[in-house]
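Chemist:
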Amino acid sequence: MSVPNYIAGYPQPVQDQVRELLAQDKLGELLLRKYPSVHAVRTDRALYDYVMELKGEFLRSSEPLSKVAYDSKLHVIRNALGTHTTVSRVQGSKLKAKREIRVATLFRDGPPEFLRMITVHELAHFKEKGHDKAFYQLCTRMEPQYHQYEFDLRLYLTQMEAHGKLAWG
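Per the numbering used here, the sequence shown starts with residue 2, numbered consecutively.
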C-alpha cells in the first residue's frame, strides 16, 4: 500500500510503519485511542472566541481579526486545513485591512489538539509569512506540542484518504 503525500517528507522507517498500520487497518484505532475527545467549538462564533483567546494570549500587538469561521469550501485533501487572508480596501483617503481565518469544516468534529494546531498555524502567519524557522518557533511557543499534533493530523488525513473519516465522540 502506498503512503499518501501527507507523510512523504518523513524518514522511510516512519513511512513503513504508517504503511503497515494502514494495511492492518489500525491507524484509525491508534488515533482514536490517542485523541479520544471532541472539542466543543461548534459554531463560527465559538471559533471566533477561541481564536481571539489564543491571539490575546500570544499575539496581542498584532492587527485585529475581523472574521473567523468554518469553511465548507476548503478541500483538505487538495488544498488546505485552514486559510488566513488580508483584504485591503480604500476607504476615503485611508487603506483599511481586514484579516480573516477560515478553518476547514472537517475539523468542526475532531479532537481539540487538531483544532489548536490549525489555529496556531494560521495565527502564526499573521506575524511570520513563510514556513521558515521563525514561523515554527512561533508555532511551538503558542503550542509546545505543535509538531506532534501536526504529525498526528497528517496521520489522520492519511487514514481518511485510505479508509474514510473517523468518528470522534
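Glycine included, each C-beta is placed from N, C-alpha and C at the ideal position.
Determine the direct distance from the alpha carbon of residue 51 to that of residue 98, and round the result to whole angstroms.
Modeler: Translated into the one-based positions of the sequence shown, residue 98 becomes position 97. Translated into the one-based positions of the sequence shown, residue 51 becomes position 50. Near 22 Å, if we compare the C-alpha coordinates of residue 51 and residue 98.
Chemist: So residue 69 is in the beta strand (DSSP E); what residue range does that whole segment cover?
Modeler: Position 68 of the sequence shown, counted from the start, is the residue given in the question as residue 69. First-last of the beta strand (DSSP E) with residue 69: 68–72.
Chemist: Between 62, 42 and 143, which has its C-alpha nearest residue 70's C-alpha?
Modeler: Locating residue 70 in the sequence shown gives position 69, where the first residue counts as 1. Taking only the C-alpha atoms, the option nearest residue 70 is 42.
Chemist: With a threshold of 16 other CB atoms inside 10 Å of the CB of residue 153, please say whether the residue is buried or exposed.
Modeler: One-based indexing of the sequence shown puts residue 153 at position 152. Flag for residue 153 reads buried.
Chemist: Taking only heavy atoms of the ligand FMN into account, decide whether any of them is closer than 6 Å to the Cβ of residue 71.
Modeler: Looking for the ligand FMN in the displayed structure turns up nothing, as the structure carries no ligands at all.
Chemist: So within the stretch 90–165, which uninterrupted beta strand (DSSP E) runs reach at least 3 residues, ignoring any that extend past its ends?
Modeler: 95–105
Chemist: Between the stretch 107–115 and the stretch 127–141, can you find at least three pairs of beta-carbon atoms closer than 8 Å?
Modeler: no
Chemist: Check residue 36 in the structure and name its three-state DSSP category.
Modeler: Reading the sequence shown from its first residue, position 35 is the one you call residue 36. Residue 36 falls in the coil class under three-state DSSP.
Chemist: Excluding sequence positions up to five away, which residues of its chain have a Cβ less than 6 Å from the Cβ of residue 78?
Modeler: Taking the first residue of the sequence shown as 1, we reach residue 78 at position 77. Reliability fails at residue 78, whose pLDDT of 47 lies under 50, so the model's placement of it is uncertain and the value that follows must be treated cautiously. Excluding residues within five positions, none has a Cβ falling inside 6 Å.
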